[in-house]
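Asker:
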Amino acid sequence: MTFGDVTRAWLRELPKAELHVHLEGTMSPAAYARIARRNGMPVPKDPGTLFACRDFPTFLAAFVNVVKALQTPEDVAELAGAYLACAARDGVRHVELLFSPATIRSLTPRADLPGMLRAIAEACRAARRVHGVSSLLIIDFVRNLGEQEALADLDLAVACPDCGIAGVGLGGDEARFPATAFVKAFDRAAKLGLHRTAHAGEAAGSESVRAAIEQLQAERIGHGVAAASDESVLGLIAERNVAIDCCLTSNLLTGALPEGARHPLTLFMRRGLIATLSTDDPSFFRTTLLDEYERALRLGLTRDDLIRLACNSFEASFADADAKRAWQTECRAYAEASQRACTSE
Ligand SMILES: [Zn+2]
């Protein structure tokens with residue numbers, strides 16, 4: 379497939395990071411069937427039907443239902459290994475995997491969560507050795523399950539110091555469970571030296587984005603769609619250098635973006651905000667990171683814009699400064715080399 383001067387091969391070679399992908403949401407229907415059968419659960423004839431969603435509430439319900447299959451360290455390690463191998467093939471240098479222990483704790487109280495975190499970390503180390511792809515873990519608190527569960531997640535993170543946990547996030551039902559209820563957990567995360575991100579402005583208004591930044595000290599916002607209509611929140615995002623993980627396909631399928639509305643990615647770019655692209659839950663939304671870059675082109679972005687998005691993805695990552703610098707250098711070198719190739723044609 380070609381869009382002007384951008385081909386799928388060019389996109390694949392473009393060095394990039396993915397900062398917003400839920401490990402649970404990478405589970406394909408085939409992986410679901412395999413894992414569920416292994417755990418003695420019934421599997422429908424077409425497991426793909428379990429992944430269907432038409433809006434945000436049906437997505438959340440489908441997500442929780444599918445996560446019931448994840449019960450052992452082997453299950454989650456399998457997902458991490460498979461996703462990182464795919465990402466590496468698509469030119470992704472660094473992945474930040476969101477994972478929600480609280481959901482598993484609520485569905486499978488006897489699950490070995492420290493064992494799961496260690497197994498994911500081992501899969502991440504193996505992916506680095508075999509495929510050269512770097513990865514970190516973000517513990518994603520669940521709004522619906524309350525702050526006590528978030529604090530329990532932090533205890534778990536403290537008990538697993540070698541599991542590559544770089545930060546905490548906040549997901550779940552944004553409309554009914556505001557950020558205010560998680561201030562203590564985010565404060566404790568900051569004291570532990572963990573980075574902070576939060577889904578906001580996806581299923582609630584711009585006030586939710588403001589709360590994530592002001593009350594939770596979020597360094598990144600997941601989605602942030604609602605911020606586009608609030609000049610003061612756009613100003614706050616710029617002033618604090620907060621990055622926005624844009625998930626174009628996800629926003630269409632969950633209804634985060636009103637029917638027929640233009641995605642605010644173009645506005646974020648024009649305003650010089652640190653926007654990045656991610657898949658969110660690739661199995662539910664049937665997308666890949668390369669598909670997201672192509673979708674951005676269809677919004678009218680140029681090749682230079684895509685290079686900026688890729689550079690942004692390294693800048694906004696929670697990796698250490700040396701690694702970020704090296705990836706950004708690689709990204710700029712790729713941009714210059716392809717520019718030279720373009721002008722000599
Ligand atoms: Zn998400």
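Each step along the sequence shown adds one to the number in my numbering, with nothing skipped, and position 70 is 448. Beta carbons: idealized from backbone N, C-alpha and C, even for Gly.
1) Beta carbon of Asp-658: closer than 6 Å to some heavy atom of ligand 1?
2) From this set, Cys-538, Arg-664, Ser-586, Ala-713, which residue's C-alpha is nearest Arg-686's C-alpha?
3) Only counting runs of 4 or more residues, tell me where the alpha helix (DSSP H) segments fall wholly within the stretch 464–502, in order along the chain.
4) In or out: Asn-619 buried (at least 16 other Cβ within 10 Å) or exposed?
5) Would you mind stating whether Val-444 and Leu-462 have Cβ atoms separated by less than 7 Å?
6) At a cut-off of 6 Å, would you count Gly-600 as near ligand 1, judging by its Cβ distance to the nearest heavy atom?
7) Once you ignore the five residues that flank Asn-690 on each side, which residues in its own chain have a CB closer than 8 Å to its CB?
8) Assign Thr-665 to one of two classes, buried (16 or more other C-beta atoms within 10 Å of its C-beta) or exposed (fewer than that).
9) Going by CA-CA distance only, name the one from Ser-406, Pro-556, Leu-475, His-509 that's closest to Ile-591.
10) Among Thr-627, Asn-629, Arg-588, which residue has its Cα nearest to the Cα of Gly-326?
11) Rounded to the nearest angstrom, how far is the Cβ of Ile-498 from that of Ala-455, given a contact under 8 Å?
12) Going by the DSSP bridge assignment, what does Ser-513 pair with across the sheet?
13) In or out: Gln-449 buried (at least 16 other Cβ within 10 Å) or exposed?
14) Applying the 10 Å Cβ sphere with the 16-neighbour rule, what's the burial state of Glu-597?
15) Hey, quick one: how far does the alpha helix (DSSP H) through Thr-575 stretch, first residue to last?
16) With a cut-off of 8 Å on the beta carbons, I'd call Leu-491 and Arg-483 a contact; round off their distance for me.
17) Compare the Cα-Cα distances from Pro-425 to each of Ala-458, Gly-524, Ser-661, Ala-694 and report the closest residue.
18) Just the C-alpha distance for Asp-658 and Phe-560, rounded to the nearest angstrom, thanks.
19) Please list, in chain order, all residues of the same chain as Asp-531 whose beta carbon is under 7 Å from its beta carbon, the five residues on each side excluded.
20) Counting C-beta neighbours from all protein chains within 10 Å, is the total for Leu-570 16 or more, i.e. buried, or is it exposed?
21) Quick one: measure Cβ to Cβ for Arg-471 and Lys-394, integer angstroms, because I've assumed they're closer than 8 Å.
22) With DSSP as the reference, label Cys-689 as helix, strand or coil.
23) How is Val-384 classed by DSSP in three states: helix, strand or coil?
Answerer: This is what the structure gives:
1) Residue mapping note: residue 658 aligns to position 280 of the sequence shown, counting from 1. Yes, the beta carbon of Asp-658 sits closer than 6 Å to at least one heavy atom of ligand 1.
2) Position 308 of the sequence shown, counted from the start, is the residue given in the question as residue 686. The shortest C-alpha separation from Arg-686 is found at Ala-713.
3) 479–485
4) Position 241 of the sequence shown, counted from the first residue, corresponds to residue 619. Result: exposed.
5) Translated into the one-based positions of the sequence shown, residue 444 becomes position 66. Translated into the one-based positions of the sequence shown, residue 462 becomes position 84. No, the pair does not count as a contact, with Cβ atoms beyond the cut-off.
6) Start at 1 with the first residue of the sequence shown, and residue 600 comes out as number 222. Gly-600: yes, Cβ under 6 Å from ligand 1.
7) Numbered from 1 along the sequence shown, position 312 holds the residue referred to as residue 690. Taken in chain order, the residues that qualify are Ala-621, Ile-652, Ala-653, Thr-654.
8) Here residue 665 corresponds to residue number 287 of the sequence shown, with the count starting at 1. Thr-665 should be labelled buried.
9) For the purposes of this step, residue 591 is taken as residue 213 along the sequence shown, with counting starting at 1. Checked all of Ser-406, Pro-556, Leu-475, His-509; the closest Cα to Ile-591 is Pro-556.
10) Any question about residue 326 goes unanswered here, given that the chain covers just 379 to 723.
11) If you number the sequence shown from 1, residue 498 lands on position 120. If you number the sequence shown from 1, residue 455 lands on position 77. Indeed, because the Cβ distance is near 6 Å, the residues count as touching under 8 Å.
12) Position 135 of the sequence shown, counting from 1, holds the residue named residue 513. In the DSSP output, where bridge partners are listed per residue, Ser-513 has Val-473.
13) Position 71 of the sequence shown holds residue 449. Label assigned to Gln-449: buried.
14) Residue numbering aside, residue 597 sits at position 219 when the sequence shown is read from its first letter. By the 10 Å Cβ count, Glu-597 comes out buried.
15) Numbered from its first residue, the sequence shown carries residue 575 at position 197. Element bounds for Thr-575: not the alpha helix (DSSP H) but the beta strand (DSSP E), 573–578.
16) In the sequence shown, the residue the question calls residue 491 occupies position 113. In the sequence shown, the residue the question calls residue 483 occupies position 105. The Cβ separation is near 7 Å, so the contact holds.
17) Numbered from its first residue, the sequence shown carries residue 425 at position 47. With distances taken between Cα atoms, Pro-425 lies closest to Ser-661.
18) Translated into positions along the sequence shown, residue 658 becomes position 280. Translated into positions along the sequence shown, residue 560 becomes position 182. Looking at the two C-alpha atoms, the distance is approximately 22 Å.
19) For the purposes of this step, residue 531 is identified with residue 153 of the sequence shown, where counting begins at 1. Around Asp-531: Pro-479, Ala-480, Ile-517, Phe-519.
20) Translated into positions along the sequence shown, residue 570 becomes position 192. Looking at its Cβ environment, which holds fewer than 16 other Cβ atoms inside 10 Å, Leu-570 is exposed.
21) Along the sequence shown, read from residue 1 onward, the residue named residue 471 stands at position 93. Along the sequence shown, read from residue 1 onward, the residue named residue 394 stands at position 16. The pair is a contact, with the Cβ atoms about 7 Å apart (cut-off 8 Å).
22) The residue given as residue 689 occupies position 311 in the sequence shown. Reduced to three states, the DSSP call for Cys-689 is helix.
23) Numbered from 1 along the sequence shown, position 6 holds the residue referred to as residue 384. Three-state result, Val-384: strand.
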